[in-house]
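In what follows, a single structure is set out as structure tokens and then discussed.
There are 2 protein chains.
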Amino acid sequence: MTGPAGGLHTDLYEIRMAASYLRRGMTGPATFSLFVRRLPPGRGFLVTAGLAECLEFLEGFGFGEADLAYLRDEVGLTPPDLAALGRLRFTGDVHAIPEGRVAGPGEPLLEVTAPLPQAQLVETALLNFTTYACAIATKAVRCRIAAPGADLVDFAARRTHGPDAAFATARATAVAGFAGTSHVASARRFGLRPVGTMAHSYVLAFPSEHAAFRAFAEDFPESPVFLVDTYDTVSGVRTAIEVARELRLPDSRVGIRLDSGDLGALAVAARGLLDRAGLPRARIMASGGLDEFALARLTAAGAPIDAFGIGTRVGVSADAPFLDSAYKLVEYDGAPVLKLSTGKVSSPGAKQVFRGAPGVPDVIGLRGEPCPAGGEPLLVPVMRAGRRVGGDGVGEARARLAADVRWLPDAVSRLHDPEQLEVRPSAAVRELTEQLVRRYRAAAAPA
Amino acid sequence: MTGPAGGLHTDLYEIRMAASYLRRGMTGPATFSLFVRRLPPGRGFLVTAGLAECLEFLEGFGFGEADLAYLRDEVGLTPPDLAALGRLRFTGDVHAIPEGRVAGPGEPLLEVTAPLPQAQLVETALLNFTTYACAIATKAVRCRIAAPGADLVDFAARRTHGPDAAFATARATAVAGFAGTSHVASARRFGLRPVGTMAHSYVLAFPSEHAAFRAFAEDFPESPVFLVDTYDTVSGVRTAIEVARELRLPDSRVGIRLDSGDLGALAVAARGLLDRAGLPRARIMASGGLDEFALARLTAAGAPIDAFGIGTRVGVSADAPFLDSAYKLVEYDGAPVLKLSTGKVSSPGAKQVFRGAPGVPDVIGLRGEPCPAGGEPLLVPVMRAGRRVGGDGVGEARARLAADVRWLPDAVSRLHDPEQLEVRPSAAVRELTEQLVRRYRAAAAPA
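Sequence order for the protein chains is A and B.
Take 1 as the starting number for the first sequence in this note's numbering and just add one per residue.
Take 1001 as the starting number for the second sequence in this note's numbering and just add one per residue.
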């Protein structure tokens, strides 16, 4: 039993605002909506991810003694502030789109309803967990779409933005349909298949490439994958063939990995050498700076590559490393609210997203609206009174995403210059927004 | 006293290679060099960062019982493998360029010398900690260069790639000369100034903007910063002025924050209103999607902005979210080695970087070479036999970086289309490389 945690994983203003609300008794129920305002260039849809981290955070949320001492000494909070924050836990409800769904711009991915100070304090963490996880999951499924016939493996751990991101990438790529991850801690945490070959340093540490390959195959005879480009790729493939013959390894167990040069041409050459050597089932893996565009080119060219190791560009979502995410107050104490900031107008009220047949635009409605016939409400209750309800794992999320990708119009799922998933507000959302805008504009007019 | 940790924060191949080395008694001293092969487009130099995390990781490195059980059950390691890994700690030496220096392409940022299995196992983690921290620190100092007269504040926590990255960003921006961070946990961990204003939700939770501003100023009279764009920026500034007058707040304590629209024009309008209202010392802060290019434009236009809140684009290093980092074996058991992979040839031997006067190219030499007259060797011992030596904090790193930025040629430090920091190999490095290339090519020639 550990104590409450995470209270300081937030921006200072959340703590100041929460202290102010608590002093003033402003603890009525507030609903905040977390959504992505606009999709990045080159993205037609998003993939939901990061929900498990959010819920785990909320369940454990609170301020420890040392947190409170810091807020007293360095932030100047008063004893009553500290007493109130010290008692505070997250007791609210959360609705969310489950992990592994596709979503469009403006669709609430998660909505929190809780006493105002609680809902405010968790803003920073919920945005943090959700934003990058969705960006990476989206990039990962684009890779899956680009190379439908090959195994994909997550090789990103060395260049993600910290260990947290290595875990999030392993999970997001698994949901996207990758076959395994090189990151052992992630494989263990999420029950994924750990995958690994050998590095150039292994080859260099032996007197010769042949000695290195032979040692590796002796030590790991079940599935040795030989990295063949340390000195020269074609002669590396020949060395791999020699070692396979010397040790009489069945070709179904043997693999080679290409990690530099013209991967398509080298794969053709390697396939020819392996086939002529009587190793037709030996597998070819490729890695090195790959992303969905490189995968699509290699796939279109018919490169005989069985598996791809995909690292950095997915693990940092290189061409779209952030999303324009927001967490906005949409209702307080029973009344819907919105902001009018230039270019960032928000939309009032607790919401639901209704999804129909392929090609039919999603509808963002108010939460109480009836679901259109044949439609599916995407947000479901995932936490009640601070405790998780339901919830599933990577496998279920992967199945949802595979189905959702099939549902996507081709124009939205294509890699180059996709159209954006169409999303429309319901008539009720439009009316409520217009009504509030009129009321605010009238109040703001010079007296 | 916690047990060893971090053993599984690695790629599977590191564990397999280490097990193979251990079975074969290949535990001679190995030196690996961590460097960035090429700088990303738009970068003339790098800033070193992430070293503290690396050293902390190495000091605690090892496999716990649960780690070993996983490797037995899911990776198939044998009892002798597990016994050897269970005993393994990091007992090596580390040389590194200290945090907060500028560096160029190919320069070793860190070199590990340790028994081969140890030095191999920590590859993934050292690359992970170093790569993104350097990318973010580099982006941050470019912001510092772009707006020399203003206070900069880290607002990135909500969109970094996880909590680890929020910490790394707070630290990197502090080293770059930022005045504070919004991320409270980072402020506490690194002794930085926590900074925060108010959010739109605070304004929306009150019956009017005026009521919200008044409540905030009553609760935080030392330094209220009013977010003025929830409804309309100019009328928001007027509301802030009204509240300052009603509560007789001294203008030196008051601030406003602009978060949307044409920040330059709005700052001019706000400055005029504040000055005419007798609040000439009231400060103007701006935020919202800022990076070094936006800062440079606002600075060049003479926008009267006293402080900038800088978030996402620095926290993810948006235009260069990764570096082409590598960790390469350069020496094993007393003999220098190199790889020849297409486009990725490495350079053999333990190294040193010698830096001279401004405008003189850095020289990458062998570690034993004498330092040229007037030159400074950049790598220093930071760990001996597994224990940190020396070491300093954020303040020292910040001072180093400020001096190094003054040292940089203008053509290298400029924001647009910079030249790259010049780096040359020493004659000894060139000779050793050529000698090894000849030897390998001869050995690889068809018999």
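By construction, the Cβ of each residue, glycine as well, lies at the ideal position given by its N, Cα and C atoms.
Exercise. Is the segment 1057 to 1074 of chain B close to the segment 1132 to 1143 of chain B, with three or more CB pairs under 8 Å?
Worked result: no
Reduced DSSP secondary structure (H/G/I, E/B, other) of Arg388 of chain A:
In the first sequence, counting from the first residue as 1, residue 388 of chain A sits at position 388. Three-state DSSP puts Arg388 of chain A in a strand.
Self-check item: Beta-carbon neighbours of Pro194 of chain A, restricted to chain B and to distances below 8 Å
Solution: If you number the first sequence from 1, residue 194 of chain A lands on position 194. Those within 8 Å of Pro194 of chain A in chain B are Leu1012, Glu1074 and Val1075.
inquiry  = Across the segment 219 to 237 of chain A and the segment 1028 to 1039 of chain B, are there enough close Cβ pairs to call them in contact, namely three or more that are closer than 8 Å?
reply    = no
Next item on the list: Tell me whether Ala1294 of chain B is buried or exposed, calling it buried when 16 or more other Cβ atoms sit within 10 Å of its Cβ.
Entry: On the second sequence, position 294 is the one that residue 1294 of chain B refers to. Buried: at least 16 other Cβ atoms inside 10 Å.
**Asked** Using 8 Å as the threshold, is the segment 149 to 169 of chain A in touch with the segment 1004 to 1015 of chain B, meaning 3 or more CB pairs across them?
**Response** yes
Excluding the 5 residues flanking Leu366 of chain A on each side, which residues of the same chain have their C-beta closer than 8 Å to its C-beta? Within the first sequence, the letter at position 366 stands for residue 366 of chain A. Here the set comprises Gly349, Ala350, Lys351, Gln352, Ser426, Ala428, Val429 and Leu432.
Same chain, Cβ closer than 8 Å to Glu1123 of chain B, five either side skipped, listed in chain order | Within the second sequence, numbered from 1, the residue matching residue 1123 of chain B stands at position 123. Once the five neighbours on either side are set aside, the close Cβ partners of Glu1123 of chain B are Thr1010, Asp1011, Glu1014, Phe1032 and Tyr1327.
Please confirm if the segment 1271 to 1279 of chain B is in contact with the segment 88 to 108 of chain A, defined as three or more CB-CB distances below 8 Å between the two stretches. no
For Thr183 of chain A and Thr169 of chain A, I'd like the C-alpha separation in whole angstroms. By one-based count along the first sequence, residue 183 of chain A stands at place 183. By one-based count along the first sequence, residue 169 of chain A stands at place 169. According to the sequence displayed, residue 183 of chain A carries His and not Thr. Answer to the nearest angstrom: the Cα atoms are 10 Å apart.
| said: For Glu1059 of chain B, tell me which candidate among B:Gly1393, B:Leu1152 and B:Arg1384 has the shortest Cα-Cα distance. | reply: The residue labelled residue 1059 of chain B in the question sits at position 59 within the second sequence. Among B:Gly1393, B:Leu1152 and B:Arg1384, the Cα nearest to that of Glu1059 of chain B is on B:Arg1384.
Discussion item. Using a Cβ-Cβ cutoff of less than 6 Å, which residues in the same chain neighbour Ala1174 of chain B once the five nearest sequence positions on both sides are dropped?
Written reply: Walking along the second sequence from the start, residue 1174 of chain B turns up at place 174. The residues are Leu1192 and Val1394.
Nearest candidate by alpha-carbon position, reference Ala172 of chain A, set A:Ala49, A:Ala270 and A:Arg238 | Here residue 172 of chain A is taken as the residue at index 172 of the first sequence, counted from 1. With distances taken between Cα atoms, Ala172 of chain A lies closest to A:Ala49.
Counting only C-beta atoms, is Val184 of chain A closer than 8 Å to chain B at any point? Here residue 184 of chain A refers to the residue found at position 184 of the first sequence. Yes - at least one Cβ of chain B is within 8 Å of the one on Val184 of chain A.
* Asked: Which chain B residues sit within Cβ distance under 7 Å of Thr124 of chain A?
  -> One-based indexing of the first sequence puts residue 124 of chain A at position 124. Simply Ala1157 and Arg1158.
Report task. Please compile the residues from chain A whose C-beta is within a distance smaller than 8 Å of the C-beta of Thr1230 of chain B. Result -> For the purposes of this step, residue 1230 of chain B is identified with residue 230 of the second sequence, where counting begins at 1. The answer, in chain order, is Lys339, Leu340 and Ser341.
message: Would Ala1018 of chain B and Leu1121 of chain B qualify as a contact pair, given that the criterion is a beta-carbon distance under 8 Å?
response: Stepping through the second sequence from its first residue, residue 1018 of chain B is reached at position 18. Stepping through the second sequence from its first residue, residue 1121 of chain B is reached at position 121. Yes, they are a contact pair.
With 8 Å as the threshold, decide whether the Cβ of His210 of chain A is near any Cβ in chain B.
For the purposes of this step, residue 210 of chain A is taken as residue 210 along the first sequence, with counting starting at 1. His210 of chain A does not count as touching chain B.
* Does the beta-carbon distance from Leu109 of chain A to Tyr21 of chain A come in below 8 Å? -> What you label residue 109 of chain A is simply residue 109 of the first sequence in a count that begins at 1. What you label residue 21 of chain A is simply residue 21 of the first sequence in a count that begins at 1. Not closer than 8 Å, so no.
| query | Listing by chain order, which chain A residues have their CB less than 9 Å from the CB of Asp1259 of chain B? | reply | Taking the second sequence and counting its residues from 1, one reaches residue 1259 of chain B at position 259. Those within 9 Å of Asp1259 of chain B in chain A are Ser341 and Lys344.
### Query
Using a Cβ cut-off of 9 Å, which residues of the segment 1269 to 1286 of chain B contact any Cβ in chain A, in chain order?
none
### Rounded C-alpha distance that separates Ser1458 of chain B from Ile364 of chain A
It is not possible to answer for residue 1458 of chain B, since the shown part of chain B is limited to 1001 through 1447.
Review point. Which residue's Cα is closest to the Cα of Arg414 of chain A: A:Thr27, A:Leu46, A:Gly25 and A:Asp306?
Key: The residue you call residue 414 of chain A lines up with position 414 of the first sequence. Taking only the C-alpha atoms, the option nearest Arg414 of chain A is A:Leu46.
request  = Within the same chain, show all residues whose beta-carbon is closer than 8 Å to that of Val389 of chain A, passing over the 5 residues directly before and after it, in chain order.
outcome  = Residue 389 of chain A sits at position 389 when you count from the first residue of the first sequence. Hits under 8 Å: Pro381, Val382 and Met383.
Q.
Give me the residue from A:Arg271, A:Pro163 and A:Gly288 with the minimum Cα distance to Ala199 of chain A.
A. Mapped onto the first sequence, residue 199 of chain A falls at position 199. Here the closest residue by C-alpha is A:Gly288.
- Pick out whichever of A:Leu266, A:Asp333, A:Leu421 and A:Asp324 has its Cα sitting closest to the Cα of Gly302 of chain A. Numbered from its first residue, the first sequence carries residue 302 of chain A at position 302. The option with the nearest alpha carbon to Gly302 of chain A is A:Leu266.
Original post:
Taking DSSP as the reference, what is the three-state secondary structure of Tyr1021 of chain B?
Top reply: As a first step, residue 1021 of chain B must be located in the second sequence, where it is residue number 21. Tyr1021 of chain B: helix per DSSP, three-state reduction.
> Can you round the beta-carbon distance between Gly255 of chain A and Ala211 of chain A to whole angstroms, since I take them to be within the 8 Å contact cut?
Replying inline: Residue mapping note: residue 255 of chain A aligns to position 255 of the first sequence, counting from 1. Residue mapping note: residue 211 of chain A aligns to position 211 of the first sequence, counting from 1. That belief does not hold up - the Cβ atoms of Gly255 of chain A and Ala211 of chain A are roughly 19 Å apart, past 8 Å.
Exercise. Compare the beta carbon distance of Leu401 of chain A and Ala103 of chain A with 8 Å and say whether it is the shorter of the two.
Key: Your numbering for residue 401 of chain A matches position 401 in the first sequence. Your numbering for residue 103 of chain A matches position 103 in the first sequence. Contact: no.
Next on the checklist: Which of the three DSSP states is assigned to Gln1435 of chain B in this structure?
Outcome noted: Taking the second sequence and counting its residues from 1, the one referred to as residue 1435 of chain B is at position 435. It is helical.
message = Taking its Cβ as the centre, do 16 or more other Cβ atoms sit within 10 Å of Thr1197 of chain B, making it buried, or is it exposed?
response = Walking along the second sequence from the start, residue 1197 of chain B turns up at place 197. Buried, by the Cβ-count rule.
- prompt: Asp1324 of chain B to Gly1149 of chain B, Cα distance in whole Å?
  reply: Translated into positions along the second sequence, residue 1324 of chain B becomes position 324. Translated into positions along the second sequence, residue 1149 of chain B becomes position 149. Cα to Cα, Asp1324 of chain B sits roughly 33 Å from Gly1149 of chain B.
DSSP three-state label for Lys339 of chain A, please.
Here residue 339 of chain A corresponds to residue number 339 of the first sequence, with the count starting at 1. Correct three-state label for Lys339 of chain A: coil.
- Item | Beta carbon of Leu290 of chain A nearer than 8 Å to that of Ile310 of chain A | Indexing the first sequence from 1 puts residue 290 of chain A at position 290. Indexing the first sequence from 1 puts residue 310 of chain A at position 310. Yes, the pair counts as a contact, with Cβ atoms nearer than the cut-off.
- request: Return the residue from the list A:Trp407, A:Glu396, A:Ala205 and A:Gly359 that minimises the CA-CA distance to Arg424 of chain A.
  value: The residue you call residue 424 of chain A lines up with position 424 of the first sequence. Of the listed residues, the one whose Cα sits closest to Arg424 of chain A is A:Gly359.
* Over the uninterrupted alpha helix (DSSP H) stretch that includes Tyr1231 of chain B, give me the two end residues. => Here residue 1231 of chain B refers to the residue found at position 231 of the second sequence. Element bounds for Tyr1231 of chain B: n/a, residue is neither H nor E.
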